[in-house]
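Accompanying notes for the structure given below.
What follows is the structure, given as structure tokens:
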């Protein structure tokens, strides 16, 4: 399946983002390896436009839902941050190899794993596959604050 990109202006209200640097104890990080990931929650406070974003994402979810057997697609619902509508997304750094036997591990981007910590704890039973890879984008502005 191809990637889908959703672009929206919003406010970050919670995050767990890279880079991953060397911890005090690599052993304790290795124990967390199956659960390690990145996450971000965004909101636009009480914005009607943000509510439209959420409705559009619900439409996308419903379109996908019709192509999966019953209960095979995780239920999606928007979350709330301090009582305000929010969008919560996450991705694991690793997938167990037996779930994706034909997938090969791809390298971590140097901005995500600059010290090689994640690569060192990957192990033989896990892969960092294309579905675990997250792209980050930034919009640049010129000196007059206009998007470039």
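Residue numbers (UniProt numbering): 1 to 148.
For every residue, glycine included, the Cβ atom is placed at its ideal position computed from N, Cα and C.
Delimiting residues of the beta strand (DSSP E) encompassing residue i
i	result
residue 41	37-43
residue 81	79-81
Beta-carbon separation (whole angstroms), residue i vs residue j, contact threshold 8 angstroms
i	j	result
residue 54	residue 38	Contact doesn't hold; Cβ gap of about 21 angstroms is too wide.
residue 112	residue 18	4 angstroms
residue 21	residue 114	7 angstroms
residue 50	residue 10	7 angstroms
The ligand PLP heavy atom lying under 7 angstroms from the CB of residue i
i	result
residue 119	With respect to small molecules bound, the structure shown includes none, and the ligand PLP cannot be examined in it.
Coil, strand or helix - residue i by DSSP
i	result
residue 93	coil
residue 147	strand
residue 16	strand
residue 140	coil
residue 129	coil
Cβ neighbours of residue i in the same chain (closer than 6 angstroms, five flanking residues each side left out)
i	result
residue 90	37 and 39
residue 105	127 and 128
residue 139	147
Residue i - containing alpha helix (DSSP H), residue span
i	result
residue 117	117-121
residue 73	Neither: residue 73 is in no alpha helix (DSSP H) and is coded neither H nor E.
residue 49	48-65
Legend entry - the segment 37-54 in contact with the segment 81-95 per 3-pair CB rule at 8 angstroms: yes
Legend entry - Segment contact flag, the segment 126-137 with the segment 85-102, C-beta cutoff 8 angstroms, min 3 pairs: yes
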